[in-house]
Amino acid sequence: MWCDSIVLIASLALMVYSADTFVDGAAAIAQNWGVSTLLIGLTVVGFGTSIPEILVSALASLQSNAGLAVGNALGSNIANIGLILGCCALIMPLTFRAKLLSRELPLLLITSLLCFGLAFDGLTLSDGVILLAGLVFFIAWLIRNGLDQSRNGSFSDTVAMPLPKYSMSLVWFFTIISLLGLLISARLLVWASVNIANTIGVSDLVIGLTLVAMGTSLPELAASAASVLKRQADMAVGNVIGSNMYNLLAVYSLPGLIAPGPVNESVLFRDFPMMLASTLVLFVFGFGFFKSGRINRWEGLFLLSSYSAYQWLVFKSTIAG
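Under our numbering, the first residue of the sequence shown carries the number 12, and numbering increases by one thereafter.
Here it is, written out as structure tokens:
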């Protein structure tokens, strides 16, 4: 118990330090390339912090546990919007720039609806191939748009804080090391939390639905919170949108590619609707149909409360089942 507690505290400290270094490195890379920090958030940060979900889903699918893989993808998307953006908005209100998000947010909503439609007849190999092809298209589309806008000088964002002047090779080195630190600290945090929970008698089922599911989203939470504290709101929002796209196209496709099969009814009628509702709320907040596009602290509290209510619903349905 004492050893697990020490590991828990140490992993939290490592995560905070790694997130801080990672955001600095990603912002420096954006500055050096002359591209938007939003693009870096959508690509480097979004994909990098989605690696835990990809690893968990791949292992689960290989072990013929496609349900865990599907739940991991959807649960992470719900956590990214409700938990991460909710917490970030409580730290500092998040302002959306509709010009930069006018394509990414609708694309996320369309992709979410596509995945929902594919799920009704189960996840098949062809579904996995479609989503994987979408992933390749999405990455290529992001890079092309980012480079075009960089050459045209249409990105007007600048970093909000002065960055250290290191050589780019050293910046890349520390960025990669800090990303590894994020992933390792998240894994250690989940491991220690599970051990502590088992010691005090919490069931493995509850642990899997809460600590493990939330654990794969910890890198996104740490990186996004660090971005907001450094006044890099674009990177925080881009991280969530990019991570959610990768979860749908990369993580959600794995069960279809590795272990095709039916999708549980509770996923269709509880988890998917919650993910779609969360994405729709993000869409409304982002475009600000009734006000400027932003998430203020009250709206952040609403997102966080909705996520907590969903977790309670999952817990109650599990106990009832």
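Where a beta carbon is used, it is the ideal one built from N, C-alpha and C, also for glycine.
* Which residues share a DSSP beta bridge with G86? -> Answer is none; G86 lacks a bridge partner.
* **Proximity to A320 [Cα-Cα], best of D15, M285, P266** => Considering only alpha carbons, the answer is M285.
* **Rounded separation between C98 and F33 - CA only** => Going by C-alpha positions, C98 is about 19 Å away from F33.
* Is the number of C-beta pairs between the stretch 82-100 and the stretch 129-136 that are closer than 8 Å three or more? -> Touching, no.
* **Endpoints, the alpha helix (DSSP H) within which I298 is located** => Looking at the sequence shown, residue 298 is not Ile but Phe. Element bounds for F298: 283-298.
* Asked: Hey, how far is the Cα of T169 from the Cα of I89?
  -> Here the model assigns T169 a pLDDT of 42, short of 50, so the residue's position is not dependable and the matter cannot be decided.
* Assuming V274 contacts A69 (C-beta within less than 8 Å), just tell me the rounded distance between them. => 18 Å between Cβ atoms; not a contact.
* To do: Would you mind working out which of V140, S87, V18, L23 sits nearest A270, comparing C-alpha positions?
  => Across the set V140, S87, V18, L23, the C-alpha of V140 shows the shortest separation from the C-alpha of A270.
* Between the stretch 196-216 and the stretch 12-25, are three or more C-beta pairs nearer than 8 Å? -> In short, these stretches touch, since the Cβ pair count reaches three.
* Asked: Considering only the beta carbon of each residue, do L146 and T290 sit closer than 8 Å?
  -> The criterion of a C-beta distance shorter than 8 Å is not satisfied by L146 and T290.
* Asked: Name the DSSP bridge partner or partners of L105?
  -> DSSP, once it has assigned bridges, lists I306 as partnering L105.
* **Reference S72; option with closest CA among N43, A288, S264, F313** => Ranked by Cα distance from S72, the options N43, A288, S264, F313 are led by S264.
* **Distance, S196 Cα to M26 Cα** => M26 and S196 have their C-alpha atoms some 5 Å from each other.
* Asked: To the nearest angstrom, how far is it from the Cα of P230 to the Cα of V201?
  -> Taking the straight line joining both Cα atoms gives about 12 Å.
* Asked: What number of angstroms, rounded off, separates the C-alpha of L314 from the C-alpha of L324?
  -> Roughly 15 Å between the two C-alpha positions.
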